[in-house]
Amino acid sequence: MGIQTMMVIGAGQMGSGIAQVAATAGFRVILNDIQDEFIQRGLKGIQKNLTRDVEKGRKTEQEKAEILARIEPSTDLQAAAQTDFVIEAIIENLDKKAEIFRQLDAICPPQTILASNTSSLPITEIAAVTNRPEKVIGMHFMNPVPVMKLIEVIRGLATSDETYQIVEDLSKKMQKIPVEVNDFPGFISNRVLMPMINEAIYCVYEGVAKPEAIDQIMKLGMNHPMGPLTLADFIGLDTCLYIMEVLHEGFGDSKYRPCPLLRKYVKAGWLGKKSGRGFFRYE
Ligand code: CAA
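Mind the numbering: the sequence shown is residues 1 to 283 in the UniProt record's numbering, read in order.
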């Protein structure tokens with residue numbers, strides 16, 4: 001099966017990044033969101049990234065124009081009827097995702113693969129609302145999508161080998177490196193990353209060190225490109241809390257208990273970079 005046209009649902013940070021790498025790889029991309037305003041914001045981000053590529057000599061003006069021309073905005077989910085592949089990148093809410101997958105299952109041709117960019121929700125459960133669970137898969141991109149090489153490819157309980165193979169090939173065409181994992185809470189990336197971030201927040205909570213010191217230790221001592229608290233601000237503290245809750249509930253193990261300080265920050269609306277304040281302040 002050759003994928004020609006795909007739909008990306010959700011034009012936020014992740015969705016627009018996915019649309020950019022897919023269009024760069026030569027696919028026709030329908031970029032969908034509930035409001036045109038959200039799509040335009042996503043397109044602006046893509047344009048900015050491509051302009052930087054042109055300035056740095058990595059792309060020509062013509063290539064930039066061709067990539068942008070391959071992205072078609074649409075607020076109508078029915079446009080998924082023309083696609084071979086759909087990837088959903090909306091907010092992390094199981095009910096909302098399930099509703100979209102239910103609709104997509106009714107709209108899309110039988111061969112269309114339905115993927116989710118979820119960072120921790122169960123692929124098996126999302127697949128179960130469709131009549132094609134063998135064609136449902138997790139395709140977890142990392143932020144910032146244009147820069148990060150990894151795609152964590154998650155097999156739901158019913159995902160077929162054929163679907164996995166198509167998504168592995170697609171990931172490679174997008175110049176990414178797919179890595180296969182099975183469907184368990186947090187998969188691998190967030191099961192390992194989030195407890196580290198949560199622990200760093202406990203260190204602030206218990207007064208072990210200042211946020212700057214914690215980040216410096218992890219950057220200089222472990223060669224991490226960003227300290228865990230900067231990374232948490234970058235991911236969004238609401239997302240970090242949500243993923244910790246998925247781990248805590250999914251495994252029923254107190255080792256995943258979200259730090260009370262993380263809850264407090266989220267309740268205060270200190271969500272990190274996107275809200276201007278988290279563990280650090282942003283202009
Ligand atoms: N979009 C596109 N390109 C971006 C970008 C963005 N948002 N942010 C940075 N870049 C590009 C820059 O343009 C630059 O490219 P050039 O040098 O070719 O111009 C390159 O990335 C490096 O950027 P900077 O020099 O500005 O800064 P840096 O060296 O600190 O790199 C970084 C930035 C790549 C984000 C780096 O800090 C990093 O790797 N951080 C960790 C990121 C990470 O862990 N991501 C995973 C998050 S977890 C996740 O996504 C999963 C989840 O479910 C929560």
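Just so you know, even glycine gets a beta-carbon here, dropped at the ideal spot from N, CA and C.
Sequence-distant residues of its chain with Cβ nearer than 7 Å to residue i (five each side left out)
{"i": "Leu237", "result": "Leu262, Tyr265, Val266, Trp270, Leu271, Gly272, Gly278"}
{"i": "Arg80", "result": "First, the residue type needs correcting, since residue 80 is Ala and not Arg in the sequence shown. Answer for Ala80: Met7, Val86, Leu104, Ile107, Cys108, listed in chain order."}
{"i": "Ala23", "result": "Val29, Ile67, Arg70, Ile71"}
Check whether residue i and residue j have beta carbons under 8 Å apart
{"i": "Phe101", "j": "Val129", "result": "yes"}
{"i": "Ala115", "j": "Ile137", "result": "yes"}
{"i": "Gly57", "j": "Ser120", "result": "no"}
{"i": "Met174", "j": "Ala11", "result": "no"}
{"i": "residue 301", "j": "Gln82", "result": "Look at the range of the chain in this structure, 1 to 283, and you will see that residue 301 is not part of it."}
{"i": "Ala98", "j": "Ile9", "result": "no"}
{"i": "Met244", "j": "Met196", "result": "no"}
{"i": "Ile177", "j": "Ile113", "result": "no"}
{"i": "Pro260", "j": "His248", "result": "no"}
Contacts around residue i, its chain only, beta-carbon distance under 6 Å, and the 5 residues preceding and following it disregarded
{"i": "Tyr282", "result": "Lys273, Gly276"}
{"i": "Glu180", "result": "Val153"}
{"i": "Asn182", "result": "Arg155"}
{"i": "Met148", "result": "Met142"}
{"i": "Ile46", "result": "Ser16, Gln20"}
{"i": "Leu94", "result": "Leu121"}
{"i": "Leu31", "result": "Val8, Ala11, Ala19, Ile39, Ile71, Pro73"}
{"i": "Arg191", "result": "none"}
Residues bridged to residue i [DSSP beta-bridge criterion]
{"i": "Glu152", "result": "His140, Val179"}
{"i": "Phe85", "result": "Met6, Ile113"}
{"i": "Gly272", "result": "Arg277"}
{"i": "Ser74", "result": "Asn32"}
Any non-hydrogen atom of the ligand CAA closer than 7 Å to residue i Cβ
{"i": "Ser171", "result": "no"}
{"i": "Leu231", "result": "yes"}
{"i": "Val147", "result": "yes"}
{"i": "Arg52", "result": "yes"}
{"i": "Met226", "result": "yes"}
{"i": "Thr239", "result": "yes"}
{"i": "Pro144", "result": "yes"}
{"i": "Leu220", "result": "no"}
{"i": "Lys97", "result": "no"}
{"i": "Ser189", "result": "yes"}
{"i": "Asp93", "result": "Residue identity differs from the one stated: residue 93 is Asn in this sequence, not Asp. No."}
{"i": "Lys56", "result": "yes"}
{"i": "Asn182", "result": "no"}
{"i": "Asn49", "result": "yes"}
Same chain only: Cβ atoms within 8 Å of residue i, ignoring 5 sequence neighbours per side
{"i": "Phe251", "result": "Pro185"}
{"i": "Glu61", "result": "Val54"}
{"i": "Cys203", "result": "Ala209, Ile214"}
The ligand SAH heavy atom lying under 7 Å from the CB of residue i
{"i": "Thr24", "result": "Of the ligands one can find in the structure shown, namely the ligand CAA, none is the ligand SAH."}
Hey, which unbroken runs of the alpha helix (DSSP H) at 4 residues or more fall wholly within the stretch 94-138?
If we require 4 residues or more, the alpha helix (DSSP H) runs fully inside the stretch 94-138 come out as 94-107, 123-128.
Let me know the alpha helix (DSSP H) ranges lying completely inside the stretch 203-274, each 4 residues or longer, listed in chain order.
The qualifying runs are 211-222, 228-235, 237-251, 260-268.
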